[in-house]
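Chains A and P are the protein sequences, given in the same order. Okay, so the first sequence: first residue is 1 according to the UniProt record's numbering, each after it adds one. Okay, so the second sequence: first residue is 1 according to the UniProt record's numbering, each after it adds one. The structure under discussion appears below in the form of structure tokens.
Number of protein chains: 2
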Amino acid sequence: MILRALRERDRVPVTVLAELTGCSEMTIRRDLDVLERDGCLRRVRGAAVNMLTGEETPFPLRARQQVEAKRRLGAAVAGMLDDGETVVLDSGTTTLEVARSLADRRLTVLPLSLHGADALRPAERVRLVLPGGDLRAGELTFVGPLTEYALNTMRFDTVVLGCCGLTVRDGVTAHDLVEAQVKKAAVAASARVIAVLDHAKLVRTAFARVCAVAEVDVVVTDRDAPADQVDQLRQAGVEVHCV
Amino acid sequence: MILRALRERDRVPVTVLAELTGCSEMTIRRDLDVLERDGCLRRVRGAAVNMLTGEETPFPLRARQQVEAKRRLGAAVAGMLDDGETVVLDSGTTTLEVARSLADRRLTVLPLSLHGADALRPAERVRLVLPGGDLRAGELTFVGPLTEYALNTMRFDTVVLGCCGLTVRDGVTAHDLVEAQVKKAAVAASARVIAVLDHAKLVRTAFARVCAVAEVDVVVTDRDAPADQVDQLRQAGVEVHCV
DNA sequence: TGATACGAACACAAAACGTGTTCGATGGGC
DNA sequence: GCCCATCGAACACGTTTTGTGTTCGTATCA
Chain A
1 MILRALRERD RVPVTVLAEL TGCSEMTIRR DLDVLERDGC LRRVRGAAVN MLTGEETPFP
61 LRARQQVEAK RRLGAAVAGM LDDGETVVLD SGTTTLEVAR SLADRRLTVL PLSLHGADAL
121 RPAERVRLVL PGGDLRAGEL TFVGPLTEYA LNTMRFDTVV LGCCGLTVRD GVTAHDLVEA
181 QVKKAAVAAS ARVIAVLDHA KLVRTAFARV CAVAEVDVVV TDRDAPADQV DQLRQAGVEV
241 HCV
Chain P
1 MILRALRERD RVPVTVLAEL TGCSEMTIRR DLDVLERDGC LRRVRGAAVN MLTGEETPFP
61 LRARQQVEAK RRLGAAVAGM LDDGETVVLD SGTTTLEVAR SLADRRLTVL PLSLHGADAL
121 RPAERVRLVL PGGDLRAGEL TFVGPLTEYA LNTMRFDTVV LGCCGLTVRD GVTAHDLVEA
181 QVKKAAVAAS ARVIAVLDHA KLVRTAFARV CAVAEVDVVV TDRDAPADQV DQLRQAGVEV
241 HCV
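Set out below in structure tokens:
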């Protein structure tokens, strides 16, 4: 409720949040503490302030959004992977749900974030290989030359790509340049590219270019995907699944 | 209590454990479930059986042993690291305690196990770089050519080495060949080698050789270390701390 | 086939958690 | 520099979760 209120206005007083939620101000303050620690908002005296200034929404906030839809996407992607495959699992909250759908599968997985590795740790039949590299603080993604070297020395059957934007015109795009570099290497190292993203990202273009639409084999998105975008993608030879 | 009982006898009936602990058999069974899942013992009908057959005790069991002593060792090693240093943090339960003592330090750390990475994740001022590689299931250590490549491309001020055995005659030894290979690379990449181990390991020699005593700069162990071993190490030019 | 061990299901107590209140400390605006 | 609003520590309370013991039907081994 707090995050929802904060999405509408940029600054919401503690008193208003207390009234809105029907609980005491003390409870609000405690919740604001947690949310601030997670990097979901900024606290000022008397109120919570939206911290979404730049491009990228912080991971813990994204992880709290549209959980059910992401779970469906994750299950759909998991269903496209065959047992025994070698898979690069990109970073992001949607691909994280893919990882969670892989618990009892037999695969070799190279996750591009520690979150992915954590999710796959209990999966006994999954062989985990980590790429290494600099660990970006919030996202816990691997970036840098070490990561790219690792991807360059291996070949994979499939890369499950999470992206910030995908259009026929601009291809796959990401917010961050160094992350895009890693994604690029992952695409180059993989025989099949599955991009997974919610419908909102199908009309969006982010800053850093990853690859052209021609390099994408499959797009998995939700049912709210705009029909014209889906048509354009299909005409461009991309297999599109709306789940 | 269960694990202690199992260290004395190799097979302890559920009824005996119930009597020993003063709780019901059902509770014992539930605890045995957990311990078996963690790989600390094996269950047979009517009893728990010690599973320590081979060389290496499983990680969750070791992590439960001598926690206080390890914590002291960890704090001592942490005190030897200067702010701003680049450090390789070896795998193992003792070095894990070193990681926990590094929470508010400013360092660049390359952990050789996921456990180490997890422990350092909340440390905001620690720059984490992971080596990558194959993830060994139980220990969660990085091994293989990828790990060695990463170590070969970097130089470090210090390596905090956890080892299974260390004697003047046989040098530093480990249980596993591929792990030893990684440790070897870590030693080669570091200007200073700090070995941390409890006193029992000072008279032990394991299977796989890591390096000679001459390559070790500092040994941190506990006060129960045998005096003659300590003397020998000092005569060999090693700085020994018993904490 | 019988005695023993097992685990699912329920009941119960203890601990942990979330919440609200009070109250002294702190901070920004006039 | 004062004052009022906000803050967080401390305590109290109800709820939830966890751990434990009991019962009882089922599975297992001699």
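Beta carbons are placed, not taken as given, at the ideal position from N, Cα and C, and that holds for glycine. This structure is a prediction, so every number in the text was calculated from the model and none was measured.
query: Run through DSSP, which three-state label would A:Gly-237 get?
result: coil
message: Applying the 10 Å Cβ sphere with the 16-neighbour rule, what's the burial state of A:Asp-10?
response: exposed
- prompt: From this set, P:Leu-32, P:Leu-112, P:Met-1, which residue's C-alpha is nearest P:Gly-22's C-alpha?
  reply: P:Met-1
- prompt: Hey, is A:Leu-130's beta-carbon within less than 7 Å of any beta-carbon in chain P?
  reply: yes
- prompt: DSSP three-state call for A:Asp-95: helix, strand or coil?
  reply: Contrary to the premise, residue 95 of chain A reads as Thr rather than Asp in this sequence. Reduced to three states, the DSSP call for A:Thr-95 is helix.
- prompt: chain A beta carbons: is any one of them nearer than 7 Å to that of P:Asp-176?
  reply: no
- prompt: Taking 7 Å as the CB-CB limit, is A:Ala-150 close to chain P?
  reply: yes
- prompt: Is there at least one Cβ from chain P nearer than 7 Å to A:Leu-146's Cβ?
  reply: yes
field: Cβ-based burial, A:Gly-84 [other Cβ within 10 Å; buried from 16]
entry: exposed
task: Report the three-state DSSP secondary structure of A:Gln-224 (helix, strand or coil).
output: Just to set this straight, residue 224 of chain A is Asp in the shown sequence, not Gln. If DSSP states are grouped into helix, strand and coil, A:Asp-224 belongs with coil.
Interface partners of A:Asp-134 on chain P, CB under 7 Å: Val-129
- prompt: Can you round the beta-carbon distance between A:Gly-165 and A:Ala-206 to whole angstroms, since I take them to be within the 8 Å contact cut?
  reply: 4 Å
field: Nearest neighbour of P:His-199, chosen from P:Arg-209, P:Cys-242, P:Cys-40, P:Cys-211 [CA to CA]
entry: P:Cys-242
query: Quick one: Cα of P:Val-220 to Cα of P:Met-80, how far?
result: 10 Å
query: Looking at chain A, which residues of the segment 178-209 of chain P have a Cβ within less than 7 Å of any of its Cβ atoms?
result: none
message: Buried or exposed for A:Val-187, going by 16 or more other Cβ atoms inside 10 Å?
response: buried
message: Counting only Cβ pairs nearer than 7 Å, list the residues of chain P close to residue 251 of chain A.
response: There is simply no residue 251 of chain A to check, as chain A begins at 1 and stops at 243 in what is shown.
field: Opening and closing residue of the beta strand (DSSP E) in which A:Leu-140 lies
entry: Looking at the DSSP string, A:Leu-140 is not in any beta strand (DSSP E), and its letter there is neither H nor E.
field: A:Ala-212 in three-state terms, based on DSSP
entry: coil
Presumed contact (8 Å Cβ cut-off) between P:Val-77 and P:Val-160, rounded CB distance: 6 Å
query: Excluding sequence positions up to five away, which residues of its chain have a Cβ less than 7 Å from the Cβ of A:Ala-119?
result: Leu-96, Ala-99, Arg-100
- request: Enumerate, from N- to C-terminal direction, the unbroken beta strand (DSSP E) stretches of 3 or more residues contained entirely within the segment 150-197 of chain A.
  value: 156-162, 165-167, 171-174, 190-196
message: If we require 4 or more residues per run, which alpha helix (DSSP H) segments fall completely within the segment 29-70 of chain A?
response: 59-63
- request: Could you tell me which uninterrupted beta strand (DSSP E) segments, each at least 3 residues in length, are contained entirely in the segment 88-133 of chain A, listed from first to last along the chain?
  value: 107-111, 126-130
message: Nearest by alpha-carbon distance to P:Ala-185: which of P:Leu-151, P:Val-196, P:Leu-197 is it?
response: P:Leu-151
field: Boundaries of the beta strand (DSSP E) in which A:Ala-12 is found, first to last residue
entry: Per the sequence shown, the amino acid found at residue 12 of chain A is Val instead of Ala. Start and end: 11-13.
query: CB P:Lys-183 to CB P:Val-218, shorter than 7 Å?
result: no
field: Check whether P:Glu-8 and P:Ala-18 have beta carbons under 7 Å apart
entry: no
field: Same chain, Cβ closer than 7 Å to A:Gly-132, five either side skipped, listed in chain order
entry: Phe-142, Leu-146, Thr-147, Ala-150
message: I need the straight-line Cα distance from A:Gly-74 to A:Asp-82, nearest angstrom please.
response: 15 Å
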